[in-house]
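Novice: Take this structure first; my questions come after.
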Amino acid sequence: MTRNTEFAIAYNRRGNRDVSKGDYKSAIDNYKKAIEFDPSYKDAYINIGDIYSNLLNHEESIFYYSKAIVLDPGCAEVFIKRGMAYGNIGDYDLESQDYSKAIELTPGDTSLYGKRGIVYMLTGRYREAIDDYTKLIQLAPSFYWAYVIRGDALQAIGLYRDAIEDYNSFISVYPDYPQVYNNRGKAYEGLGMDKDALLDFSRAIELMPEFSEAYTNRGELLSGMGSYNDAVVDLKTAARLGNKHAQNLLKSKSIEW
């Protein structure tokens with residue numbers, strides 16, 4: 008270890024102490040001192056990136072994480088950090104690319120498939136999301152939320168029966184989550200199984216009486232089934248709970264709520 012590296016380590020430690028006290032300005036100064044003594048000292052770049060990330064200055068955090076990646080392109084952790092920073096500024100393509108690189112480096116890290124899968128969901132890349140959540144389920148079959156998100160992706164491309172199977176897998180273990188009943192209800196509706204959909208929307212409302220989306224979905228379904236008065240009651244409830252879609256539907260019929 009050279010003398011300069013020893014100084015770099017010492018300044019990096021000072022920076023860590025500053026962070027623990029919440030003195031980010033002094034911490035950055037000390038990390039930069041560490042870099043002056045040893046420009047190849049990766050940890051200091053990462054630490055500065057972490058501070059800027061905490062301060063929501065994501066462009067700066069990306070700059071420092073990128074410096075660390077140049078020094079150590081085999082460090083999956085930094086790709087994950089930079090990927091999250093890209094996501095925070097809405098650059099989802101670069102976010103998914105960084106997660107892909109991290110997966111390359113650590114293919115057994117189940118969380119990475121979930122992170123990338125969410126990005127694919129946000130950007131409408133549903134088939135790729137399905138692939139990622141399928142991999143996640145293979146690696147961690149007890150992570151039941153993966154079934155829900157994969158179910159949502161399957162539903163988005165019209166594979167309603169497969170989506171229902173995934174929602175069933177979740178509900179069999181966690182029977183009290185209103186959002187999953189609501190989502191399964193939409194899948195039943197997609198298959199024309201209106202009675203099953205109605206039961207699911209009603210169960211979602213039973214579990215969460217202020218669930219405006221479920222009221223809206225049940226109201227629209229009831230309207231389609233010819234139960235106009237009941238539909239209006241549900242849509243009014245949803246509108247009073249702040250659901251914009253329900254409000255717009257009622258406005259279009261000149262109905263007050």
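Sequential numbering of the sequence shown, starting at 8, is according to my numbering.
The beta-carbon is built from N, C-alpha and C at its ideal position, and this holds for glycine as well.
1) Please name the residue, chosen from Thr130, Lys108, Lys142 and Leu112, that lies closest to Gly121 on a Cα-to-Cα basis.
2) Rank Phe44, Ile35, Lys28 and Asn37 by C-alpha distance to the C-alpha of Phe14 and give the top, closest one.
3) Ala75 by DSSP, collapsed to three states: which one?
4) Out of Arg10, Leu78, Gly29 and Thr113, state which residue places its alpha-carbon closest to the alpha-carbon of Ile87.
5) Return the chain-ordered list of same chain residues with a C-beta closer than 8 Å to the C-beta of Asn19, the five sequence neighbours on each side being excluded.
6) If you drop the 5 nearest sequence neighbours on each side, which residues of the same chain put their C-beta closer than 7 Å to that of Leu205?
7) Exposed or buried, what is Arg210 when buried is set at 16 or more other beta-carbons lying within 10 Å of its beta-carbon?
8) To the nearest angstrom, how far is it from the Cα of Asn236 to the Cα of Ser261?
9) So is Glu4 buried or exposed if we call it buried at 16+ other beta carbons inside 10 Å?
10) Work out the CA separation of Val187 and Ile156 for me, nearest whole Å.
11) Going along the chain, which residues of its own chain have a beta-carbon closer than 6 Å to the beta-carbon of Thr130, five neighbours each way excluded?
12) Just to confirm the assignment: which complete alpha helix (DSSP H) runs, minimum length 4, are found wholly within the region 220–250?
13) Give the straight-line distance between the Cα atoms of Asn190 and Gly197, rounded to the nearest whole angstrom.
14) Assuming Lys93 contacts Asp79 (C-beta within less than 8 Å), just tell me the rounded distance between them.
15) How should Leu63 be labelled, buried or exposed, when 16 other C-beta atoms within 10 angstroms of its C-beta is the threshold for buried?
Specialist: Looking at the coordinates:
1) Nearest C-alpha to Gly121: Lys142.
2) Phe44
3) helix
4) Here the closest residue by C-alpha is Thr113.
5) Asn37, Tyr38, Ala41, Tyr48, Asp50, Ala51 and Asn54
6) Arg225 and Leu228
7) By the neighbour-count rule (16 or more Cβ atoms within 10 Å), Arg210 is buried.
8) 15 Å
9) Outside the shown range of the chain (8 to 264) lies residue 4, about which nothing can therefore be said.
10) 10 Å
11) Tyr99
12) Segments of the alpha helix (DSSP H) lying fully in the region 220–250: 235–247.
13) 11 Å
14) The sequence given here places Tyr at residue 93; Lys does not occur at that position. Not really, about 19 Å apart at Cβ, beyond 8 Å.
15) exposed
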